[in-house]
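Notes follow once the structure below has been shown.
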Amino acid sequence: MLATSVKTGTILLSTLSYFTSEQILIFRSVDNGLSFTGPVNGAPGFNTTNGDQDKEWITVDNFPGSGFGNVYMFWRNFGSPGGMTFTKSTDDGLTWGPAGGTVLASGGQGAQVVVGPDHAVYCFWYDSSSSPDRISMRKSTDFGASFGPTVTVTTLIGTGVNGDLGLGGLRSSSFPQVVVNPVSSNLYIVYPDVTAVTGGDRGNIYFRQSTNGGTNWSASIKVNDDSTTQAQFQPATAVRPDGAGLAVCWYDRRRDPAGALIERWGVTAAISGNTVTFGPNFRLSPQFPAVFGVDPGINSTYMGDYDMMAADTSFFYTTWGDNRDASIAVPSRNKANIRSAGFTRAGPGAVLDVDSVLVSGGNGNGVIDPNECNILNLVVRNDGTGTATNITASLSSTTPGVSVAQSSSSYPDLAPGAAAASTTAFTISTDPSFVCGTPVKLGTGDVGNHGDDITTPISLPFSYTFYGQAFTSARVSANGNLQFTGANSDYVNACLPAPAFANTIFAFWDDLRTDGTNGPTQGIYTNLSGVTPNRVFNLEWRASYYSANGNGNPVNFEMRLYEGQQRFDLIYGALNGTGSSATVGAQKDTGGGLSNGLQLAFQTITCPDGGGTCGGPIASFTAGPTSGLAPLTVNFTNSSSGATDYGWDFGDGNTSTAINPANTYTNAGNYTVSLRAIGGGVTNTLTRANYILVTNTLPTMPGLIAVSGDPYVQDFNSMGPSGTNTPPGWYVGTGTGAISGTNLTVDSGSSKNTGNYNYGSSGSSDRALGSLAANSIQRDTDARFVNRSGAAILSFTIRYTGEQWRLGGRGSPTNHLVLQYSTDGINFTALGAAFNFNSPLNSGHAGPLDGNAPANRVSGIGGTYTPATSITNGQVFYLRWA
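Under this note's numbering, the residue at position 670 of the sequence shown is numbered 650, and the numbers go up by one with no gaps.
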C-alpha cells in the first residue's frame, strides 16, 4: 500500500514481510519515489506465535492542525489471539506503536483506515463475528489512542468466506473501500454484495454515506446501472480534494452473457452538501479473461485485491489488473498486466458497443443457409457519458460465399445508456456455394486465445454434465479441444484414449494456431443462444494449420454444449481438406482403453435452400462533411449494390442522377437526403433524415462571452488591485430592472455604501467581483454568453467560489445570492439551492471581512443544469446572481 504525507512529502510503502510473518515492512521515500530507505517494522511487539499479519491498509493525516502528518495502519493479525489491529507513527513513519498494536476486533478481514479533516480516525473491516455478516467501524477522536464502540455500517447478504461472491476460481470478497470528504467530513463507503445466498446477481456495487461522523449511515445506492445478473466486484473509490465530486471504479462482467470476460467500468458523482448524485456508468477497458495464479509466491486465486484510486481537482485516476494481452513467456495464458486511466468529472464521453444482433428473413429458420438473403438488425448502445452523434456503421465479411448487400447504415443520436437499431437494416446474401454449416458468427465474445499451443480458461454460462460430472468452467486449447479438468497444450495428436488428457472433447485436435494471418481475425469465440433452461453455448475456432510464419491454411469449426443435456455437437466449416490428420472424439479417463458408455455419433448436416439471394438493388451512401457553415459543399459517396441508375434528392430542391455527386447548400437548415437505386425494374430508396446541418456565419456580438465547447474560467484577477471595470461580458447593478453597468469601486470590505465593487485585500492581485446593498435593495451580477460551439447545448456545469467581504450590522437573512438563468435577460429562472451562495457569517458587529479566509468563503458551489429548452448555436443566454 502507498500513502503520501502532505506535511513532509514523504511517500510510505507498506508490505507484508517476505521473510517473517509477524512484521509489516514500511519503506520511506523522501525524493518523490526515486529511492526508498530500508524498511522499519510497522507492527512491533509481535513474534512468530502471536503475529501473523495480513492485508494492511495505510493512510496519513494530511489536514493542518493537531495530528497533521500522523501515519495510521490497520490490518488483520492471524496470530494468537490476533484480530483487527491498529498502529500509528507520529514521526513520519520512522517508528511505530504501540508494541503489539491496538486490537479493535477479535476477528474480521479487509481493513480500511481513513482520516477526516477534524483528525478523527476511522477503521472499517469485514465482520463475520455474528450473523448476518456485516461491515463494521470504530472511530477515534484522540489520534488513535482510544476507539469508540463498534458501529454496524451495513449488513450483507452473502455468506461466503470474506464475502466471496463465487466468481469461478477468482477470489473475491465483500471488503469495503472508504474515503472522507476533505471539506464536509462526510464518509463515503463502497462495497460489493450478492442479491441472494445462491443464484441471483453474484455481485453489485453499493454506496452509502454518513453525514455525522459514522454514527448513522444512509440507505444503500446500487452504483452499477446494468439490468443483468452478471457480477460487478472489487470496487475502488476516490473523492476530489475540493469535495465537489467522487468516482467509483470496479471489475464488470455485464457484457458477457457467459459471465466470464471482464471489463473495467466506472461512474462519477457530483457532491453538493449531503447530496451525492451519480451519473451514468461508463466502460473504461475492452474485455479480457481472468488471469490469476501467475506468481508462485502469491495465493493462486488472487487478482485485483489492492486496486486503488486517486483524484485531483481535474481528474480521477484508477488502476486495475488488465489481461487483454497474450503472454509470450507463458503461451497458455494471457499476461497479468496493470493498466491505468484518468478521466474527468464528465467521464470519457461517448463509448459505443454492440448490444444485440437479430438475424431474420430468408426461409425464416433464423439460420444463414445457402442461396439466401438475410436481414441483420444490429443494435448499438452508448456505454459512455456523452451523447453519441453522427453514428455510422459498416459491415463486411470474408466468409466464402457470403456477401453484404446492404453494408452501411446510420444510427440516431444516443444519449448515455441509450440503445438503438440502425436506420436501415444490413442485408447479408449467401450464394449456392456457401458451405452448409459454416459459422458466420455475429456478436461473439473473444476468449483471448490468440497464439500457438496455448490454453485459455473460460467460465461456462451454465452447469454442463460430462460423463456424469458437472462442470462450470473449462479450458479451450488452440489445438482444437475443450478440457474440463486439464490444461494440456500438446499439439501432437494421437488416437484416443490419449494418456495426458481427461474429461476432454476433441473437436479437431491437430497442430493448429489461433494467431495466423490467413482469413478473418483468428481466435476462439463464444456465443450464448436460446433461453433458460434450453440454452446452447457455442464455441468457434477460427484457426489455421501450424506454420512458422503464421500463414497456414485456415480451418473453421464449432462446438455446441446444450444446457440440461449430456449432449454436444461438432460442426465443421472450412477444413482445407477432409480433416484426416485430426483426432476427433471424447474421453473421460487418462488412458486405459475406451471409457465404458462412450458413444460418438456423426451426422452430416443438411441445410434447406434459402429461397434465393438478395434480389434487386440496395441503396446505400455516405457523405462528408455533414455539418458546417453556409455555403457548404458536401460530397456524396454511393455504396449501393445491384443498381444501374440513381436518383438523388438533397433536400434543398436540388437533385442529381450522378453516381457520386456533390451539392452546395447555400442556406442554413437541417436537410434530409434520399437516394433511389434502380436496377432490373426494381427501386430501393434510402433516406437519411436531418443528415446535413448547415449554419449561418454568426455575427460578431461584442460584450458577450463566446462559449466554444471548451471550459470557460473567470477568476477576476485580471481586474487587478486598482481596476474599476468588470471583465468583458460581466455586468453589475442594483435594483430590479435590467443592468448594464461595468464601473466598479476598489474596496477591501470597509465601505458600507451601496454599490458595485472590485473586492480584495489592499494591493493584492487576488480579486473578487461583487456588490453591496442595504435592506431590500436587489443587487445583481450578470454574465452574458453566446453559444459558439457549433451545436446545441443541452446542459452545462458551473462551479464557483463565493466570498463574503463585509458583515451587515443587522445580520440580515438576505445575505445570499441566488443563481438564475435566462434566454432574454428579462425573465429569469433559479437554477436550484445547490447553485446559491449563502454567506458564511450572518451575525456579529458590522464591519469588513477577509473574503479569502476559509471561514468567509465557500468553494465548489454549483452543479449541472439542464434548461427547459436547449441553447441553440448562436443563441444568447444569461446567468445572474441576485
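By construction, the Cβ of each residue, glycine as well, lies at the ideal position given by its N, Cα and C atoms.
| query | result |
| --- | --- |
| Residues near T852 in its chain [Cβ-Cβ closer than 6 Å; skip 5 each side] | A772 |
| Selected residue, minimal CA-CA separation from T28, among F16, G80, T39 and G179 | G80 |
| Assumed close pair Q89, N57 - CB separation to whole angstroms, cut-off 8 Å | Incorrect: roughly 11 Å between the Cβ atoms, too far for contact. |
| C-beta atoms of S600 and T404 nearer than 9 Å | yes |
| Contact with chain B by M53, beta-carbon distance below 9 Å | Of the chains in the structure shown, none is chain B; there is only one protein chain. |
| Span separating the alpha-carbon of I760 from that of F817 | Going by the sequence as given, residue 760 is Asp instead of Ile. The alpha-carbon atoms of D760 and F817 are separated by roughly 13 Å. |
| Bridge partners - S802, DSSP secondary structure assignment | Y858 |
| N- and C-terminal bounds of the beta strand (DSSP E) containing L476 | First-last for L476: undefined, no H or E at that position. |
| Alpha-carbon to alpha-carbon, P19 and S312 | 37 Å |
| The region 119 to 127 touching the region 166 to 182, judged by at least three CB pairs closer than 8 Å | no |
| Segment limits, beta strand (DSSP E) that includes T558 | No beta strand (DSSP E) holds T558; DSSP gives it neither H nor E. |
| Runs of beta strand (DSSP E) wholly within the region 254 to 305 (minimum 3 residues, chain order) | 255 to 258, 289 to 291 and 296 to 302 |
| Beta-carbon proximity check, D426 vs L541, cutoff 9 Å | no |
| Cβ-based neighbour list, D629, same chain, cut-off 6 Å, excluding 5 preceding and 5 following | T635 and S654 |
| Outcome for N473 when other beta-carbon atoms lying within 10 angstroms are tallied against a minimum of 16 | buried |
| Other residues of its chain near P873: CB distance less than 6 Å, five sequence neighbours each side excluded | Residue 873 falls outside the range modelled here, since the chain spans only -19 to 862, and no answer is possible. |
| Beta strand (DSSP E) runs contained entirely in the region 381 to 458, provided each spans 3 or more residues | 382 to 386, 388 to 391, 399 to 401, 406 to 410, 435 to 446 and 449 to 457 |
| Cβ shell of S280 (< 7 Å), same chain only, five flanking positions each side left out | F272 and G273 |
| Contact check, V203 vs V247, beta carbons under 9 Å | yes |
| Paired residues, beta bridge with N738 - DSSP | V726 and L749 |
| Integer-rounded CB distance, given that G381 should sit under 8 Å from T410 | 6 Å |
| For D41 and R786, the rounded distance between their alpha carbons | 34 Å |
| Range covered by the beta strand (DSSP E) that runs through I598 | It is not in any beta strand (DSSP E) - I598 carries neither H nor E in the DSSP assignment. |
| Simplified DSSP state of S336, which is helix, strand or coil | strand |
| DSSP-derived helix/strand/coil call for M64 | strand |
| Exposed unless 16 or more other CB atoms sit within 10 angstroms - verdict on N357 | exposed |
| Reduced DSSP secondary structure (H/G/I, E/B, other) of G577 | Low confidence applies to G577: its pLDDT is 49, below 50, so where it sits in the model is not reliable, and the reading given next is rough at best. Coil. |
| Of the residues D762, Y471 and N498, the one placed nearest D490, counting alpha carbons only | Y471 |
| Proximity below 9 Å, CB of G843 to CB of L811 | yes |
| Residues sharing a beta bridge with A211, DSSP | Paired residues: none, contrary to the question. |
| Where T379 falls, given that 16 or more other Cβ within 10 Å makes a residue buried | buried |
| Where G143 sits in the DSSP three-state scheme | helix |
| Cutoff 6 Å; reference G49; Cβ partners in own chain excluding five residues on either side | S(-15) and K(-13) |
| For G735 and R837, the rounded distance between their alpha carbons | 21 Å |
| For F815, three-class secondary structure by DSSP | helix |
| Backbone secondary structure at N184 - three-state DSSP | strand |
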